[in-house]
Amino acid sequence: MKRYLYILLFAAIALGFTSCAVIGNEKMIVKYEIELSKVSKAGDEEMRTRVPEANDTLEKIRYSYEDDLTQSMWFVDESGWEVTFTNKGDKPIMIDWDEVMYMDVDKMGHRILSKKTKLSEKEEPQDASVISRRGTLNEELYPADMYYQSSTGLLSKRPMFPIDYGEAMRYKNKTFSLMIPLTVEGYTAQYEFIFTIKDVKQELSANDPWRMYLLDRAL
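Below you can see the structure in the form of structure tokens.
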């Protein structure tokens, strides 16, 4: 036990030296500026690719995509996706989260978790979501492999992208995507939502959302 405490103390000291500069009670952290740059719908010749619209009326810049079936509003950063789907039709839309795929910047596929999935069941089949006619669905999505067992024994979360500024800058202008099937009465439309990392910045923050991850990495 004493040895474990020494290790944690050493890691905390190392973290203080290796993490971003601290100014007063604030420190510099890395933030990614990410846009939804285009959306493709498989098999639709007239609407194969559309450019979403930016919406900055809220605190976060969100990106809106709309077609005859649905409207979606997106925000994404290094911690995952926030999305609101609106069903524009008179028939329910089903989303099978086990069929959703995240393709990273290296075109490697990853399983996605929705916010309602318990982390203790992250390897189990997920319940599908149904958007009622003219209804909405608010979701938060994460790559399943973002979660790992931390030094405390609890499940913790790592960022989607590097948070060391020098390494993070190499991700600028890279793209990644979400493949999402929307099913209406047995017919499935396959959408590809393509995101671009517009910029990588350092900003002052009183809180570091990745402190536990950095601590584990230093061990």
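Here the numbering used here is used: the first residue of the sequence shown is 2, the next is one more, and so on.
From the three backbone atoms N, C-alpha and C, an ideal C-beta is built for every residue, glycine too.
- Counting only residues of its own chain and dropping the five nearest sequence neighbours on each side, residue 81 has a CB closer than 8 Å to the CB of 141, 142, 143, 144, 147 and 161.
- The Cβ atoms of residue 172 and residue 182 lie no closer than 8 Å to each other.
- In the structure shown, the three-state DSSP call for residue 98 is helix.
- Around the beta carbon of residue 156, fewer than 16 other beta carbons sit within 10 angstroms, so the residue counts as exposed.
- The C-beta distance from residue 153 to residue 86 rounds to 35 Å, too long to fall under 8 Å, and the pair is not in contact.
- Assignment of residue 121 by DSSP, reduced to helix, strand and coil, places it in the helix class.
- CA-CA distance, residue 119 to residue 102, rounds to 19 Å.
- Partner residues in the beta bridge of residue 75, as assigned by DSSP, are 64 and 84.
- If you ignore the 5 residues before and after residue 66, its C-beta comes within less than 6 Å of the C-beta of 40, 53 and 73, all in its own chain and listed in chain order.
- Taking residue 94 as the centre and dropping the five residues before and after it, the same chain places the C-beta of 88, 132, 183 and 185 closer than 6 Å to its C-beta, in chain order.
- For the set 33, 177 and 149, the Cα lying nearest the Cα of residue 169 is the one of 33.
- Counting C-beta atoms within 10 angstroms of its own C-beta, residue 207 has fewer than 16 neighbours from the protein chains shown and is therefore classed as exposed.
- With respect to the 8 Å criterion, residue 190 and residue 37 are not classified as neighbours on the basis of their beta carbons.
- Annotation for residue 213: the continuous alpha helix (DSSP H) segment containing it runs 212-219.
- Inclusion of residue 35 and residue 77 in the CB contact set at 8 Å is warranted, their separation being smaller than that value.
- When DSSP states are grouped into helix, strand and coil, residue 110 belongs to the strand group.
- In the same chain as residue 99, and ignoring 5 residues on each side of it, the C-beta atoms closer than 7 Å to its own belong to 126 and 127, in chain order.
- By the beta-carbon neighbour count (other beta carbons within 10 angstroms, threshold 16), residue 64 is buried.
- Residue 60 counts as exposed, since fewer than 16 other C-beta atoms from the protein chains shown sit within 10 angstroms of its C-beta.
- Taking 8 Å as the upper bound for CB-CB distance, residue 180 and residue 109 are not in contact here, some 13 Å apart.
- In this structure residue 159 is buried. Its beta-carbon is surrounded by 16 or more other beta-carbon atoms within 10 angstroms.
- Distances from the alpha-carbon of residue 130 to those of 122, 97, 113 and 123 put 97 closest.
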